[in-house]
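Visitor: Take this structure, written in structure tokens, and hold onto it; I'll ask about it next.
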Amino acid sequence: AQSVSQHNHHVILSEAASLELGCNYSYGGTVNLFWYVQYPGQHLQLLLKYFSGDPLVKGIKGFEAEFIKSKFSFNLRKPSVQWSDTAEYFCAVPFNTNAGKSTFGDGTTLTVKP
Amino acid sequence: KAGVTQTPRYLIKTRGQQVTLSCSPISGHRSVSWYQQTPGQGLQFLFEYFSETQRNKGNFPGRFSGRQFSNSRSEMNVSTLELGDSALYLCASSPQGNYGYTFGSGTRLTVV
Numbered sequence: 001a002q003s004v005s006q007h008n009h010h011v012i013l014s015e016a017a018s019l020e021l022g023c024n025y026s027y028g029g030t031v032n033l034f035w036y037v038q039y040p041g042q043h044l045q046l047l048l049k050y051f052s053g054d055p056l057v058k059g060i061k062g063f064e065a066e067f068i069k070s071k072f073s074f075n076l077r078k079p080s081v082q083w084s085d086t087a088e089y090f091c092a093v094p095f096n097t098n099a100g101k102s103t104f105g106d107g108t109t110l111t112v113k114p
Numbered sequence: 001k002a003g004v005t006q007t008p009r010y011l012i013k014t015r016g017q018q019v020t021l022s023c024s025p026i027s028g029h030r031s032v033s034w035y036q037q038t039p040g041q042g043l044q045f046l047f048e049y050f051s052e053t054q055r056n057k058g059n060f061p062g063r064f065s066g067r068q069f070s071n072s073r074s075e076m077n078v079s080t081l082e083l084g085d086s087a088l089y090l091c092a093s094s095p096q097g098n099y100g101y102t103f104g105s106g107t108r109l110t111v112v
């Protein structure tokens, strides 16, 4: 079955630390890949997306993600986190590339200590 | 432009009742997807509508249904509510379904 795994359930970092959140999916076909973020008290927002081309994609607020096809991974990174990055992060994969049905990972809660 | 609007924001219902939730997508977005979010199960896909047709359906019982109108607005209905239906119900719209979602703020349903 198609699945999305986020191995880190809760990450705690100090400001200025580097961040990497893992996301792995199980599917051998062509995929589009997304990261969403949910800040406390706010709705889910699209952080960045990969469709094709350069496997390193950049999103809002200094986030980037790298698609490694051989590892079925799409890890989210940020060189230096801020307190305002405290949020829950979700990786999502629409396995049917033509339709709006995405499988979401369980989410990773990031807490950044000032 | 206006975002995805979900109404109502909060609902409290009694077991056995039915409920209808509404979603107005971003103007021009033809795909509307619904998700159930709970602490234990995360985000679970309910169904997707595109041009008034249900294009995809998740693994939820038949008590969960939906529809989409010609203006792309969508409703979902849950009949014979159970305690386990308590959740945040999220609506997400997209131009074509796979271009990334814009989410609404959700409807928080509590079944007592």
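From first to last, the protein sequence lines are chains A and B.
Every letter in the first sequence is one number past the one before it in the numbering used here, and letter 10, counting from 1, is 10.
Every letter in the second sequence is one number past the one before it in the numbering used here, and letter 53, counting from 1, is 53.
For every residue, glycine included, the Cβ atom is placed at its ideal position computed from N, Cα and C.
#1: Just verifying my parser: in three-state terms, what is the DSSP assignment at isoleucine 26(B)?
#2: Examine chain B for any beta-carbon lying closer than 8 Å to the beta-carbon of asparagine 8(A), and answer yes or no.
#3: Under a three-way DSSP split, which group does glycine 16(B) fall into?
#4: If you run the structure through DSSP and keep just helix, strand and coil, what is glycine 42(B)?
#5: What is the DSSP secondary structure of leucine 13(A), reduced to helix, strand or coil?
#6: Would you say serine 3(A) faces chain B, with C-beta separation under 8 Å as the test?
#7: What number of angstroms, rounded off, separates the C-alpha of glycine 107(A) from the C-alpha of proline 79(A)?
#8: When you check each C-beta in the stretch 66 to 99 of chain B against every C-beta of chain A, which residues fall closer than 9 Å?
#9: When the cut-off is 8 Å and only beta carbons count, does asparagine 56(B) lie next to chain A?
#10: Run the CB neighbour count on proline 100(B), radius 10 Å, all protein chains shown included, and call it buried at 16 or more, exposed below.
#11: At a CB-CB cut-off below 8 Å, which residues of chain B make contact with glycine 22(A)?
#12: Residues of chain B with a CB under 8 Å from the CB of aspartate 106(A): which are they?
#13: Rank Gln18(B), Thr5(B), Gly3(B) by C-alpha distance to the C-alpha of leucine 81(B) and give the top, closest one.
#14: Is there a Cβ of chain A sitting closer than 8 Å to that of serine 31(B), yes or no?
#15: Flag proline 121(A) as yes if its beta-carbon sits less than 8 Å from any beta-carbon of chain B, otherwise no.
#16: Please list the terminal residues of the continuous beta strand (DSSP E) segment that includes glutamine 6(A).
Guide: So, from the listed chains and residues:
#1: Here the question's residue 26(B) lines up with position 26 in the second sequence. It is coil, neither helix nor strand.
#2: Start at 1 with the first residue of the first sequence, and residue 8(A) comes out as number 8. No, its Cβ sits nowhere closer than 8 Å to a Cβ of chain B.
#3: Here the question's residue 16(B) lines up with position 16 in the second sequence. It is coil, neither helix nor strand.
#4: Along the second sequence, one-based indexing puts residue 42(B) at 42. In the structure shown, glycine 42(B) sits in a strand (DSSP, three-state: E or B).
#5: For the purposes of this step, residue 13(A) is taken as the residue at position 13 of the first sequence. The answer is strand: DSSP assigns leucine 13(A) an E or B state.
#6: As a working mapping, residue 3(A) is identified with position 3 in the first sequence. It does not; no Cβ of chain B falls within 8 Å.
#7: The sequence position of residue 107(A) within the first sequence is 107, counting from 1. The sequence position of residue 79(A) within the first sequence is 79, counting from 1. Cα to Cα, the separation comes out at about 20 Å.
#8: Leu90, Ala92, Ser93, Ser94, Gln96, Gly97, Asn98, Tyr99
#9: Taking the second sequence and counting its residues from 1, the one referred to as residue 56(B) is at position 56. Taking Cβ atoms only, chain A reaches closer than 8 Å to asparagine 56(B), which makes this a yes.
#10: Start at 1 with the first residue of the second sequence, and residue 100(B) comes out as number 100. In the sequence under discussion, the amino acid at residue 100(B) is glycine, which differs from the proline named in the question. By the 10 Å Cβ count, glycine 100(B) comes out buried.
#11: The count along the first sequence starts at 1 and reaches residue 22(A) at position 22. Result: empty, since nearest Cβ-Cβ is about 16 Å, beyond 8 Å.
#12: Within the first sequence, residue 106(A) is the residue found at index 106, counting from 1. Ordered by position in chain B, the residues that pass the 8 Å Cβ test against aspartate 106(A) are Gly42.
#13: Within the second sequence, the letter at position 81 stands for residue 81(B). Measuring from the Cα of leucine 81(B), the nearest candidate turns out to be Gln18(B).
#14: Here residue 31(B) is taken as the residue at index 31 of the second sequence, counted from 1. True, the Cβ-Cβ gap to chain A drops below 8 Å.
#15: Residue 121(A) is absent from the model: chain A starts at 1 and stops at 114.
#16: In the first sequence, the residue the question calls residue 6(A) occupies position 6. Where glutamine 6(A) is concerned, there is no enclosing beta strand (DSSP E), given that its DSSP letter is neither H nor E.
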